[in-house]
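Student:
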Amino acid sequence: MVTSNGGYPLDQNLYQSPKAVATAEACAGEDGVIIMCCSCADGMGGTHFEKLITMGTVDEIDGYLSKIPPKETIPEQWCPQIYARILKKHPVILVTTYLKPEEVRKANMIPASTPDEALEIAYQM
């Protein structure tokens, strides 16, 4: 399943992307791979988001966020929470020109520099 936020400014950072990935999740089917095209010209997004999305494995992120009471949510919590839910079910290949591959991996996603590269990776999964 290939998705995007629709280009700049909608894909200015990774924080803006979960709406498109959540839509792809609904269509990806069991064992589906999601390819997210998001330039991320402004990087990851907010500092709270970056800290949360890179704090560990998907299970660690989900475990940490699930312990936060609903009335005590923290800034930018919803985005890593959505990603954790999706990444538990689907690998996400992130096609981006501005984030470094190690930044993408730290966010529990698979880096790709072009849509063609992402498709090659997806076909091998």
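Residue numbers (my numbering): 123 to 247. We treat Cβ as the ideally placed atom computed from N, Cα and C, and that holds for glycine. As the structure is a prediction and not an experimental result, all values here were calculated from the model.
(1) Within the continuous alpha helix (DSSP H) that includes V155, where are the two ends?
(2) May I ask you to report which of helix, strand or coil DSSP gives I232?
(3) For D133, count neighbouring C-beta atoms within 10 Å of its own C-beta (all shown protein chains included) and say buried if the count is 16 or more, exposed if not.
(4) Give me whichever residues DSSP pairs with I215 in a beta bridge.
(5) How do the segment 174–188 and the segment 142–156 stand: do at least 3 beta-carbon pairs fall below 8 angstroms, yes or no?
(6) With DSSP collapsed to three states, give me the class of T125.
(7) Using C-beta distances below 6 angstroms, list every residue in its chain close to L174, excluding the 5 sequence neighbours before and after it, in chain order.
(8) Starting from Y245, follow the alpha helix (DSSP H) in both directions and report where the run begins and ends.
(9) In this structure, how does DSSP classify I208 when only helix, strand and coil are distinguished?
(10) By how many angstroms is the C-alpha of T176 removed from the C-alpha of A229?
(11) Counting pairs of beta carbons, one from the segment 160–171 and one from the segment 198–215, are three or more of them closer than 8 angstroms?
Tutor: Taking the structure as given:
(1) Residue mapping note: residue 155 aligns to position 33 of the sequence shown, counting from 1. No alpha helix (DSSP H) holds V155; DSSP gives it neither H nor E.
(2) Residue numbering aside, residue 232 sits at position 110 when the sequence shown is read from its first letter. If DSSP states are grouped into helix, strand and coil, I232 belongs with the strands.
(3) As a working mapping, residue 133 is identified with position 11 in the sequence shown. With 16 or more other Cβ atoms within 10 Å, it is buried.
(4) Counting from one through the sequence shown, the residue named residue 215 turns up at place 93. Answer is I157 and I232.
(5) no
(6) Numbered from its first residue, the sequence shown carries residue 125 at position 3. Looking at T125 - three-state DSSP - the assignment turns out to be strand.
(7) Reading the sequence shown from its first residue, position 52 is the one you call residue 174. P202.
(8) For the purposes of this step, residue 245 is taken as the residue at position 123 of the sequence shown. P237 to Y245 is the span of the alpha helix (DSSP H), which, as asked, contains Y245.
(9) Along the sequence shown, read from residue 1 onward, the residue named residue 208 stands at position 86. Three-state result, I208: helix.
(10) Taking the first residue of the sequence shown as position 1, residue 229 is located at position 107. Taking the first residue of the sequence shown as position 1, residue 176 is located at position 54. Computed Cα separation, rounded: 5 angstroms.
(11) yes
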